[in-house]
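*Asks:* Numbering (our numbering), first residue to last: 37 to 537. Virtual Cβ for every residue (Gly too), placed ideally from N, Cα, C.
1. Of the choices 179, 128, 316, 516, whose alpha-carbon is the least far from that of residue 104?
2. Thinking C-beta only, is residue 204 closer than 9 Å to residue 237?
3. Could you check how far apart the C-beta atoms of residue 359 and residue 332 are, in whole angstroms? I think they sit under 8 Å.
4. So, at 8 Å on beta carbons, what are the nonlocal neighbours of residue 454 in its own chain, with the 5 sequence-adjacent residues on each side left out?
5. Would a C-beta distance cut-off of 9 Å place residue 346 and residue 323 closer than the cut-off?
6. When burial is assigned at 16 or more other CB atoms within 10 Å of the CB, is residue 302 buried or exposed?
7. CB-CB under 6 Å to residue 521, same chain, minus the five flanking residues each way: which ones, in chain order?
8. My understanding is that residue 108 touches residue 182, with C-beta atoms under 8 Å, so please give their C-beta distance in whole angstroms.
9. Can you tell which of 106, 95, 156, 196 has the C-alpha that lies nearest to the C-alpha of residue 118?
10. Could you round the C-beta distance between residue 154 and residue 70 to whole angstroms and report it? I think they count as a contact, below 8 Å.
11. With a threshold of 16 other CB atoms inside 10 Å of the CB of residue 97, please say whether the residue is buried or exposed.
12. Beta-carbon within less than 6 Å of residue 406's beta-carbon, same chain only, minus the 5 sequence neighbours each way: which residues are those?
13. Assign residue 72 to one of two classes, buried (16 or more other C-beta atoms within 10 Å of its C-beta) or exposed (fewer than that).
14. Is DSSP giving residue 223 helix, strand or coil here?
15. Look up residue 89 in the DSSP assignment and say whether it is helix, strand or coil.
16. If I follow the unbroken alpha helix (DSSP H) through residue 80, where does it start and stop?
17. Would residue 342 and residue 353 be called neighbours here (beta carbons separated by less than 9 Å)?
18. Taking only three categories from DSSP, how would you classify residue 367?
19. Count the other CB atoms within 10 Å of the CB of residue 81; is the residue buried (16 or more) or exposed (fewer)?
20. Should residue 464 be labelled buried (16 or more other beta-carbon atoms within 10 Å of its own) or exposed?
21. With a threshold of 8 Å, are at least 3 pairs of Cβ atoms found where one atom belongs to the stretch 156–168 and the other to the stretch 129–136?
22. By DSSP's criteria, residue 108 is part of a beta bridge. Which residues make up the other side?
23. With a threshold of 6 Å on Cβ separation, who are the neighbours of residue 374 within its own chain once the five nearest residues in sequence on each side are excluded?
24. Tell me the DSSP secondary structure of residue 521 in three-state form.
25. So, residue 223 versus residue 310, is the Cβ gap smaller than 9 Å?
26. Which residues in the same chain have their Cβ closer than 7 Å to the Cβ of residue 518, if we skip the five residues on either side of it in sequence?
27. Could you tell me the alpha carbon to alpha carbon distance between residue 440 and residue 365, rounded to whole angstroms?
28. Is residue 290 a contact residue of the ligand GTP, with contact defined as CB to any heavy atom under 8 Å?
29. Drop a sphere of 10 angstroms on the beta-carbon of residue 509, count the other beta-carbons inside from all chains shown, and report buried for 16 or more, exposed for fewer.
30. Contact check, residue 216 vs residue 232 under 8 Å by CB: the rounded distance?
31. For residue 497, which residues of its own chain have a beta-carbon under 6 Å away from its beta-carbon, when the five flanking residues on both sides are left out?
32. Count the other CB atoms within 10 Å of the CB of residue 191; is the residue buried (16 or more) or exposed (fewer)?
33. Here's the rule I'm using: 16 or more other beta-carbon atoms within 10 Å means buried, otherwise exposed. How should residue 452 be labelled?
34. Closer than 6 Å by C-beta to residue 85: which residues in its own chain qualify, once you throw out the five before and the five after it? Chain order, please.
35. What ranges does the beta strand (DSSP E) occupy inside the stretch 189–214, keeping only unbroken runs of at least 3 residues that lie completely in it?
36. Please name the residue, chosen from 282, 280, 312, 221, that lies closest to residue 269 on a Cα-to-Cα basis.
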């Protein structure tokens, strides 16, 4: 290490070999007798003679490259005067003005005097000639320190003066901090631990954290606990080592601070549905949401879109309840949004019959009559006034107006003989309208009938032979529109409309 060029301070030891005169101070020399410039006196005032300067009588375990501020070292004073008499000494670490440098602590057979500024013997005798005591090095920037010592044995003289000069070690700043260990993605309102490997030469560690985060414990050490509050923002967790020589280069870890998802917005979708309906529901994307958790009324099922911000719900077996949704991510769940959905019942599917020109529906709520797709009346019965295909449909009259499935169809020729009407009444198509999948029930007492289906332009789109005595299940891929079914036994042909949705 480099040595600082700082003014020299001197520690003075005064050792006394006490004979006839030294008995005046058998339990320690008086203060300020080290021979230092600040003391202005030495042991000759009591022992007589002329002081002689010697070297090497004060030793220590202070390293060659100097003392470290605040460290404790062992100092030894050795009285090497020969001849008869009792050994004594006094030592003090001072600057040239006489100010104490560092802190003294007495050892075996020694004591502090003069307000702890000097260390001296406790009981002069002829056998103890060496004393070891402790010295705590002064604060950084003190520089060179000199221990002044005086040694005596008997009267008159001799008195010996000796010094030990030590330097303050020049301390280099610690090296750069290594990688920081800890999570790089965190959640608000949670605490996490971060650590760094020990930095050579560091006496303390200085941590910094992102705005809104706080160090709960560990500042000054290799490991800290950090709390990321609700106001925390993304930033760096950093640390550097420090010592008396300065600060090392910091190490940093970029940390992303995450929030739980925001509150879900309004749910878009029907608030009143019919049992059996399928409806879409959606919300605007939720900030910070990685997933969406939906719940639907009892009996309803999500048929598509689970985990997204848009779903489709089947209400076939549902009862009234809530459609709700909230966003989630690795930090937790946001607040939900809710929509109350009323599930309305659907009336029973009616069955219609024809007697003369009167159509009658089986019991069902809110019966509405249709002729060739047009509404023609309401009520349990309807009086036919024109030729066409008739069917009925029930509607919920209490709330929601939910429709039933359509009834069977009856084709009626108006103003023809009763016998012919009776025959035609026996031809049914249901459901009608349909999607191309329907049941045709001729109820003719004929085994072989020719079935043809014509489009609105009169072009044949389907043809087959069927048994006129039994119902036939048909599944024909037809485009939406109006078609005509013709049945013929070779002698008589019947025609009725078919509505494809």
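*Replies:* With the given structure in hand:
1. Walking along the chain shown from the start, residue 104 turns up at place 68. Nearest of 179, 128, 316, 516 to residue 104, Cα basis: 179.
2. For this step, residue 237 is matched to residue 201 along the chain shown. For this step, residue 204 is matched to residue 168 along the chain shown. No, Cβ-Cβ distance for residue 237 and residue 204 is not below 9 Å.
3. Taking the chain shown and counting its residues from 1, the one referred to as residue 359 is at position 323. Taking the chain shown and counting its residues from 1, the one referred to as residue 332 is at position 296. Rounded, the Cβ-Cβ distance is 6 Å, consistent with contact.
4. Taking the chain shown and counting its residues from 1, one reaches residue 454 at position 418. Low confidence applies to residue 454: its pLDDT is 39, below 50, so where it sits in the model is not reliable, and the reading given next is rough at best. Setting aside the 5 residues that flank it on each side, residue 454 is surrounded in the same chain by 392, each with a C-beta closer than 8 Å to its C-beta; the list follows chain order.
5. Residue numbering aside, residue 346 sits at position 310 when the chain shown is read from its first letter. Residue numbering aside, residue 323 sits at position 287 when the chain shown is read from its first letter. Cβ distance not < 9 Å, so residue 346 and residue 323 don't count as in contact.
6. To locate residue 302, count along the chain shown from 1; it is residue 266. By the 10 Å Cβ count, residue 302 comes out exposed.
7. For the purposes of this step, residue 521 is identified with residue 485 of the chain shown, where counting begins at 1. Correct list, in chain order: 489, 532, 534.
8. Reading the chain shown from its first residue, position 72 is the one you call residue 108. Reading the chain shown from its first residue, position 146 is the one you call residue 182. Not confirmed; about 19 Å, so no contact.
9. Counting from 1 along the chain shown, the entry for residue 118 is found at position 82. It is 196 whose Cα lies nearest to the Cα of residue 118.
10. Looking up residue 154 in the chain shown gives position 118. Looking up residue 70 in the chain shown gives position 34. Contact flag correct, Cβ pair sits at about 7 Å.
11. Within the chain shown, numbered from 1, the residue matching residue 97 stands at position 61. Residue 97 comes out exposed.
12. On the chain shown, residue 406 is found 370 positions in, with the first residue counted as 1. The answer, listed in chain order, is 427.
13. Stepping through the chain shown from its first residue, residue 72 is reached at position 36. The residue in question, residue 72, is buried, as its Cβ has 16 or more Cβ neighbours within 10 Å.
14. Working through the chain shown from its first residue, we reach residue 223 at position 187. Three-state result, residue 223: strand.
15. To locate residue 89, count along the chain shown from 1; it is residue 53. Strand at residue 89.
16. In the chain shown, the residue the question calls residue 80 occupies position 44. Per DSSP, residue 80 belongs to the alpha helix (DSSP H) from 80–83.
17. Here residue 342 refers to the residue found at position 306 of the chain shown. Here residue 353 refers to the residue found at position 317 of the chain shown. No, these two residues do not count as a Cβ contact at 9 Å.
18. As a working note, residue 367 is residue 331 in the chain shown. Coil, per DSSP.
19. The residue you call residue 81 lines up with position 45 of the chain shown. By the 10 Å Cβ count, residue 81 comes out exposed.
20. To locate residue 464, count along the chain shown from 1; it is residue 428. It is buried - the Cβ of residue 464 has at least 16 other Cβ atoms within 10 Å.
21. no
22. By one-based count along the chain shown, residue 108 stands at place 72. Partner(s): 172.
23. Mapped onto the chain shown, residue 374 falls at position 338. Hits under 6 Å: 358, 360.
24. Taking the first residue of the chain shown as position 1, residue 521 is located at position 485. In this structure, residue 521 counts as strand in the three-state DSSP scheme.
25. Residue numbering aside, residue 223 sits at position 187 when the chain shown is read from its first letter. Residue numbering aside, residue 310 sits at position 274 when the chain shown is read from its first letter. Not closer than 9 Å, so no.
26. As a first step, residue 518 is located in the chain shown; it is residue number 482 there, counting from the start. Taken in chain order, the residues that qualify are 492, 533, 535.
27. By one-based count along the chain shown, residue 440 stands at place 404. By one-based count along the chain shown, residue 365 stands at place 329. Distance between the alpha carbons of residue 440 and residue 365 is about 43 Å.
28. As presented, the structure is devoid of all ligands, the ligand GTP included, so that no description of it is given.
29. Working through the chain shown from its first residue, we reach residue 509 at position 473. So residue 509 counts as exposed.
30. Stepping through the chain shown from its first residue, residue 216 is reached at position 180. Stepping through the chain shown from its first residue, residue 232 is reached at position 196. Residue 216 to residue 232, Cβ: 5 Å. Contact.
31. Along the chain shown, one-based indexing puts residue 497 at 461. Same-chain partners within the cutoff: 489, 491.
32. Within the chain shown, residue 191 is the residue found at index 155, counting from 1. Buried.
33. Numbered from 1 along the chain shown, position 416 holds the residue referred to as residue 452. In this predicted model, residue 452 has a pLDDT of only 46, less than 50, meaning its place in the structure is not dependable; the value taken from the coordinates is given anyway. Residue 452 comes out exposed.
34. Mapped onto the chain shown, residue 85 falls at position 49. Result list for residue 85: 192, 193, 194, 195, in chain order.
35. 195–202
36. Within the chain shown, residue 269 is the residue found at index 233, counting from 1. For residue 269, the nearest C-alpha among the options comes from 221.
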